[in-house]
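Under the working numbering, read the sequence shown as residues 234 to 436, first letter to last. Ideal placement from N, C-alpha and C gives every residue a C-beta, glycine not left out. Notes for the one structure printed next.
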Amino acid sequence: TKPSSNTNHSNTANDDDVTNFIKAECRTATLYPSLCIQCLSTYNSTTTPLSSHKQLAQAALSVSLSRARSAATFISKAARIRGLKPMEYRAVKDCVENMASTVDQLSRAVKELGGWSGTHNQVDFNWHDSNVESWVGAALTFQNTCLDGFSSPVIGGSVEVAVRVRVIDCAQVTSNALALVHRYAARHKLVRTTSSESTVNSP
234 TKPSSNTNHS NTANDDDVTN FIKAECRTAT LYPSLCIQCL STYNSTTTPL
284 SSHKQLAQAA LSVSLSRARS AATFISKAAR IRGLKPMEYR AVKDCVENMA
334 STVDQLSRAV KELGGWSGTH NQVDFNWHDS NVESWVGAAL TFQNTCLDGF
384 SSPVIGGSVE VAVRVRVIDC AQVTSNALAL VHRYAARHKL VRTTSSESTV
434 NSP
């Protein structure tokens, strides 16, 4: 049966609402809004529509973990390239370790956020949120440490350029994810506070 034009119109309207929501949140909360919109719009088109702050945070973390795994794989292969200068090799090897730690921290964060419903009391919620934000923050630190290893002008070379491009992209995506997790936590606290005040003030 061919869907009615009303159904098509409704789906289009819902898609527009989700797209506008993603754009508004990325522009309000993140340091790299264009990258945020690009990543989450692509993610949204292949999964359940991202219509809540928690879904946005979860999607952003999933994208960050995916980028980190991809970068880690590339850098591991780069470490096996023959002819690297000693300083370049050390920087790449250190980066391999830092990106492995990044993947570990982001994996923990994705699991933690996905496993908590958001219906806990505020104390429990704050504990879960603190875990997630700490792990994502640590992942970002590991990425920046990797980049610091290539700060010497003596290193140079095409391998450095390729590694830096991937890690910078990963760090920006992770920064956005951290911002959206923080945004979700702030919105959750606001909703809980407003709800509590309404209950107290009700006749």
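Grab me the residues of residue i's own chain with a C-beta within less than 8 angstroms of its C-beta, minus the 5 sequence neighbours each way, in chain order.
i      : result
HIS361 : GLU345, LEU346, TRP349 and HIS353
ALA333 : ALA305
Which residues mark the beginning and the end of the alpha helix (DSSP H) in which residue i is found?
i      : result
PHE266 : In the sequence on display, residue 266 carries Pro and not Phe. Residues 266-279.
TRP349 : First-last for TRP349: undefined, no H or E at that position.
SER309 : 286-311
ARG260 : 238-262
PHE375 : 355-381
Suppose the cutoff is 6 angstroms on Cβ atoms and the five residues either side in sequence are ignored; what does the same chain contact list for residue i look like?
i      : result
TYR417 : HIS286, LYS287 and ALA290
LYS326 : ALA312
ARG260 : PRO266
State the Cα-Cα distance for the pair residue i and residue j, rounded to the nearest angstrom.
i      : j      : result
ASN277 : ARG397 : 28 angstroms
LEU380 : LEU294 : 21 angstroms
SER309 : ALA404 : 17 angstroms
ALA372 : SER340 : 10 angstroms
SER385 : THR374 : 19 angstroms
ILE255 : MET320 : 42 angstroms
ILE270 : SER299 : 16 angstroms
TRP368 : ALA342 : 6 angstroms
THR268 : ASP357 : Per the sequence presented here, residue 268 reads as Leu, with Thr not at that position. Approximately 32 angstroms between the Cα atoms of the pair.
SER303 : CYS328 : 13 angstroms
GLY454 : GLN376 : For residue 454 there is no data in the structure shown, the boundaries of the chain being 234 and 436.
Tell me whether residue i is buried or exposed, calling it buried when 16 or more other Cβ atoms sit within 10 Å of its Cβ.
i      : result
VAL437 : Since the first residue of the chain shown is 234 and the last is 436, residue 437 is not available in this structure.
THR281 : exposed
SER428 : Confidence at SER428 is low in this model, with a pLDDT of 48, below 50, so the placement of that residue should be treated as unreliable; the coordinate-derived value is given next. Looking at its Cβ environment, which holds fewer than 16 other Cβ atoms inside 10 Å, SER428 is exposed.
SER238 : Note that SER238 has pLDDT 47, beneath the 50 cutoff, so the model's placement of it is unreliable and the number below is only indicative. So SER238 counts as exposed.
Spatial neighbours of residue i within its chain, please: CB distance less than 7 angstroms, with the 5 preceding and 5 following residues excluded, ordered by chain position.
i      : result
ALA262 : ALA412, LEU413 and ARG416
GLY370 : LEU411
Original post:
Does the segment 361-370 come close enough to the segment 313-328 to have 3 or more Cβ pairs within less than 8 angstroms?
Top reply: no
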